[in-house]
Every structure is written in C-alpha cells, then in structure tokens.
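Numbering (our numbering), first residue to last: 264 to 590. Here is the structure we will look at.
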C-alpha cells in the first residue's frame, strides 16, 4: 500500500504531469478565454458600427488572440478551428461564397441559427479579413447588406469562440489532466498527453515554415504572394511571429523551465522578421525580398530544432519525431 501511494505521488509530481497542468494553466486555457473575450468585443463593436475602418482594431485584437492558441488542433480545436480559421483556400471558396451571399442578399445573415450552417469558407476570421480589407468589398455602408453580413459573421465568431473555450475548460482539459486514470479513454497514460501537446508545438512550427512562409514564396520562377495568410490586412508577418511566439510559450510551459536555446532561436526569428519589407509578403517577386523570407523560414525551423533538442530530449523523444503522425 505504501509503495503504491509513493508511486502515485511520484507520478503526480513528475515533470510530465506538471508540464501538462502548466500548459493548461498558462498558454492554453487563458489563451482560449482571451480569444473568446476578444471575439465578443469584436461582435459588440460590429453591432455599434459595422464599417470596415471602425472594426479594424477589434478585428486585429481578435486575430492576435486567436494566434496564441490557433495552432493547437487537439480535442475540441481539431474541428472547432475549421470554421474559425479556414485557410489555406487555394480555390477561392471564401471569395466565391461571400460574393454569392452578397449578390443574392441572402437572408441567412439575419438568422443566427441558419448562419451557423453556412459553409465554413464564409465564416470566421478569413471571411472577415476579406470583407473588411478587400478593395472590392470593404467600401460598404451601414445600410448595405454587407454590414448585416459582417454583424452575422462577428456574432457567429463570438459564439464559436465561446463554445470552444467552454469545451476545453469543462471537458477536454480534464482529459489531459487525468491521462492514464481509469475511465480515460482519450489518453491512456500521462506520456500520451505530453506527447499530444508536444506534437502541437512541432506541427505549428512546421505549418508556419511550410505554409505561412512557404506558400506565398512559391518557387523562384513563380512566387505566389496572394497565397499569403491574411495578406489583405497585412497580417502575414504578424501571424508568423505570433505563431512562433505561441509555440515557444507552450514549449516552456510543458518543460516547466527556461529553454535558453529555444529563446535564442526565437530571438533570431525576431531579427529576421525585422528585415522583412512588406508585412503582407506581397513583394516576393523581388529576389532580395525572397531571400529575406527564406532566412525567416530557416530561423523558424531553427526554433523547431531547438525545441526538439531541449524539450524533446527532456521527454525522451529523439529529434526527427514526426509531428504529423504523432509517432
């Protein structure tokens, strides 16, 4: 009996178990709550004044809050994030769906329950990015259909953010905390919970390097700047920095200690980002601008390598761990 109690106490106090709790209490749950609050502020601002210029500050605040937790695609976020942040959108579904709603003056904008069933391409932050910042759509007035659509979008986003935060706080966080306990069919051991969070860190950094930076770079002969994330609002570089900062913060929480190599790599990302000329990555046809983007991409991958060396080693996971399949 005494041995069993000692083993249980050791498990509860283990770095892995503590790291999960620190990740929840630090970046994750407060981050989701901050996003829910920012989304509600955006919806309230839209009710007061739906015009694009008036909403830009609250839109950026909501997007900033999302970036702190948006790369965590685990539990409720695995599907919940899809309608909040529908990107990449290579086939232009968002533009086509929004233009169709506007052309038809679709009454779905006046019915919150019906709007929740609209295609995810016409919901969330990227639909708002287009309505608020696209030159052909953003000049609407308070009496135009687009104003009603913006109000529907922001209210829907607030509802989604609140539901996602509640799902984590009321249910999924406990699944992570009780990993390995009897009846927990999601995580059969504390190690599974730790690895699940570690996977989110690496996959977020891979997505930033390969998609947030790599997609607009395209090839040297054919750069694709219009494939940059949130380029209309000039958030592309801002999102890169925010995503890397969020990954590093989650890594520190999971480690339960400072990660000096990771912090040094993060500092190099900031320096490389400071040399980027266009925050929307729209100048990548210029070889000099492309080179700066390539350097930024390399530095983001450097953060991943540092986390693998520092946190991965602590967890007993060798560098080269595949964040895409969780092995």
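All C-beta atoms, glycine included, are put in the ideal place defined by N, C-alpha and C.
Check	Outcome
Go ahead and label residue 515 buried or exposed: buried means 16 or more other beta carbons lie within 10 angstroms of its beta carbon, across all protein chains shown.	buried
Write down the C-beta distance between residue 321 and residue 337 rounded to the nearest angstrom, noting that I regard them as a contact closer than 8 Å.	That pair is no contact at about 27 Å.
Using 8 Å as the cut-off, can you tell me whether the segment 357-367 makes contact with the segment 482-501, which would need three or more C-beta pairs spanning the two stretches below that distance?	no
Please report the straight-line C-alpha distance between residue 522 and residue 509, rounded to a whole angstrom.	14 Å
In the DSSP assignment, find the alpha helix (DSSP H) that holds residue 410 and state where it starts and stops.	408-430
Report the three-state DSSP secondary structure of residue 575 (helix, strand or coil).	helix
Starting from residue 543, trace the alpha helix (DSSP H) both ways and give me its first and last residue.	Per DSSP, residue 543 belongs to no alpha helix (DSSP H) and is neither H nor E.
Classify residue 396 as helix, strand or coil using the three-state DSSP reduction.	helix
Measure from the alpha carbon of residue 221 to the alpha carbon of each residue in 334, 447, 394, then state which is nearest.	Residue 221 is absent from the structure shown; the chain starts at 264 and stops at 590.
Buried or exposed: residue 307, going by 16 or more other Cβ atoms within 10 Å of its Cβ?	exposed
Where does the unbroken alpha helix (DSSP H) through residue 292 begin, and where does it stop?	292-311
Assuming residue 559 and residue 476 are in contact, meaning their beta carbons sit under 8 Å apart, how far apart are those beta carbons, in whole angstroms?	6 Å
Assign residue 581 to one of two classes, buried (16 or more other C-beta atoms within 10 Å of its C-beta) or exposed (fewer than that).	exposed
Nearest-angstrom Cα distance between residue 586 and residue 465?	Note on residue 586: pLDDT 48, under 50, position unreliable in the model; no value is reported.
Would you report the Cα separation of residue 574 and residue 454, rounded to the nearest angstrom?	14 Å
So, with DSSP's three-state summary, where would you put residue 582?	coil
Between 358, 436, 474, which has its C-alpha nearest residue 457's C-alpha?	436
Taking C-beta to C-beta, are residue 528 and residue 557 nearer than 8 Å?	no
Near residue 328, what residues of its chain come up, given a Cβ to Cβ distance below 6 Å and the 5 sequence neighbours on each side ignored?	297, 298, 301
Answer with buried or exposed for residue 554, where buried requires no fewer than 16 other C-beta atoms within 10 angstroms of its C-beta.	exposed
Quick one, which of 402, 291, 341, 290 has its alpha-carbon nearest residue 318's?	402
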